[in-house]
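Presented below is the structure to which this report refers.
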Amino acid sequence: MPIRRRCILQSAAAFTFILATGSAAATEVNQANEAELDSVRGLGPPSTAAILRERAKAPFASWADLMQRVKGIKAARARRLSSEGLTVNGQPYPGP
619 MPIRRRCILQ
629 SAAAFTFILA
639 TGSAAATEVN
649 QANEAELDSV
659 RGLGPPSTAA
669 ILRERAKAPF
679 ASWADLMQRV
689 KGIKAARARR
699 LSSEGLTVNG
709 QPYPGP
């Protein structure tokens, strides 16, 4: 196969991989630092501070635990945060 064609195919494969995996990497709520949490669309400094404060007491066991302990995170917001890459124990929000 000619070199130019191979380069085009490799570039296309890399682009397809990026699209398939999403542009944003998952952000684990139990491991992310302040800047990483702030980078999640839908989380700002007040929410991030509340998450870090609650996480210092104990890691979040589940999305339900996060929603119970952090004021302002209900099902609709949890779905949005999950779609932006936030996970709890590696899991996306399980809601419909």
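Going by the numbering used here, 653 is the number at position 35 of the sequence shown; the sequence numbering is gapless. Note that beta-carbon positions come from the ideal geometry of N, C-alpha and C, so glycine has one too. Bear in mind the structure is a predicted one, so any value in this text is a computation, not a measurement.
Buried or exposed by the 16-neighbour rule on C-beta atoms within 10 Å, applied to R676
One point to set straight first is that residue 676 is Ala, not Arg, in the sequence displayed. Classification for A676: exposed.
Going straight from the alpha carbon of P663 to that of G708, what length do you get?
P663 and G708: Cα-Cα distance of roughly 23 Å.
How many angstroms separate the CA atom of E654 from the CA atom of G713?
If you draw a straight line from the Cα of E654 to the Cα of G713, it comes to about 24 Å.
Taking DSSP's pairing of strands, which residues face V706 in a bridge?
Per DSSP, Q709.
For A693, collect the residues of the same chain with a Cβ closer than 6 Å to its Cβ; drop the 5 residues on either side in sequence, then sort them by chain order.
G713
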